[in-house]
Amino acid sequence: MLAYAIRRILILIPTLLGVSILVFLMLHLTPGDPAELLLGERATDEALHQIREHLGLNEPLYVQYGMFLKRLMKGDLGETIWTRQKVWIEVKQRFPATMELAVTALFIACLFGVTLGIISATKQYSIFDYVSMLGALTGVSMPIFWLGLVFMLIFSVNLGWLPLSARLSIDVDLQVITNIYTLDALLTRNWVAFRDAIWHLIMPAVTLSTIPMAIIARMTRSAMLEVLRQDYIKTAKAKGLSQFKVVFKHGLRNALIPVVTTIGLQFGVTLGGAILTESIFAWPGVGKWMYDAVMQRDYMVIQGGTLFIAALFILINLCVDILYAIINPRISVQ
């Protein structure tokens, strides 16, 4: 297991290098002058010259990539063009909000997705099975931005049940420790702030969880159906074991192997998909920050933020691969 983990970690090096090349070329190979892309068509020649000198755009492409890679090795993602703040500092300030949203969304997706998948598999071809799978298909097909706007219109504008945006009400005080508001409220035992933070988290988290929930439900159902047809499940039933033990003790463990892989991948997708959700609900995370950077043409933020999310997605896949082998030791890791 240790050798497998080390081997997987070593594979990350060329993978991350390839990601850095793609991220670097993503903006450099776009049509037009990157300086004009950043400053706009009405920029003066002097301003264009200054931005080219500042970003090293006058150098050959391979020299620019070398400079970019050298900064990365030092943990430097560059500076934002508009605020002159270090990109990495901006990421550290905003990532806790994105992580809070993504983890909550994934928790909702796993809780309801796995549950619906198990019940649908044990009640195959029932009304519940048809309704839940139809709902899953609808969830996969529904655009997040449209669903978020519908939720805002219904639960905030019309009913007034949930707050429209932000992470915390203006009149609620909270001592910030980790910048994860729900965790900070628990650590400081500020139950008013905890309830308010949860209240603000519900609508964006449910919106973001819709697609992962649907995918997890369909994968769980498929995996459970395959496992429940195995001979050892029939043997367990023949021995008189209860349906609960057959499903959860003998079936679910093996069925979870592909489900765990799906959950891990969906976590990475959720982090990336938070861009639209955060933009809709004005959630001050990495996603909204990158969306604003695109609107403002902040080249360094787009490049640094994309690289950060891509690297995080790769690390999540590594954890999934290792967890995959831990869940079922019979899987060969050679």
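Numbering that gives the first Met the number 0 numbers the first residue of the sequence shown as 0 and each following residue consecutively. Ideal Cβ positions, reconstructed from N, Cα and C, are used throughout, including at glycine.
query	result
Of the residues 314, 65, 303, which one's Cα is nearest the Cα of residue 75?	303
Could you check where the alpha helix (DSSP H) with residue 142 kicks off and where it finishes?	Counting along the chain, residue 142 falls outside any alpha helix (DSSP H), and DSSP gives it neither H nor E.
Could you tell me if residue 52 is buried or exposed, where buried requires 16 or more neighbouring beta carbons within 10 angstroms of its beta carbon?	exposed
What's the C-alpha gap between residue 161 and residue 248?	39 Å
Is the region 247-266 touching the region 103-113, taking contact as three or more C-beta pairs under 8 Å?	yes
So, is residue 241 buried or exposed, given that buried needs 16 or more other C-beta atoms within 10 angstroms?	exposed
Cα-Cα, which of 309, 230, 322, 224 is closest to residue 124?	224
Considering just the uninterrupted stretch of the alpha helix (DSSP H) at residue 9, what are its terminal residues?	1-27
Can you tell me which of 227, 300, 130 puts its alpha carbon nearest to the alpha carbon of residue 83?	300
Say whether the region 163-182 touches the region 228-240, bearing in mind that this needs 3 or more beta-carbon pairs closer than 8 Å, one atom from each stretch.	no
Pull up the DSSP beta-bridge partners for residue 78, would you.	85
Assuming residue 100 and residue 272 make a contact with CB atoms under 8 Å, what is their CB distance in whole Å?	Residue 100 to residue 272, Cβ: 10 Å. No contact.
So, helix, strand or coil for residue 168, using DSSP?	coil
Going along the chain, which residues of its own chain have a beta-carbon closer than 7 Å to the beta-carbon of residue 79, five neighbours each way excluded?	86, 89, 297, 299, 300
With distances taken between CB atoms, is the gap from residue 105 to residue 269 smaller than 7 Å?	yes
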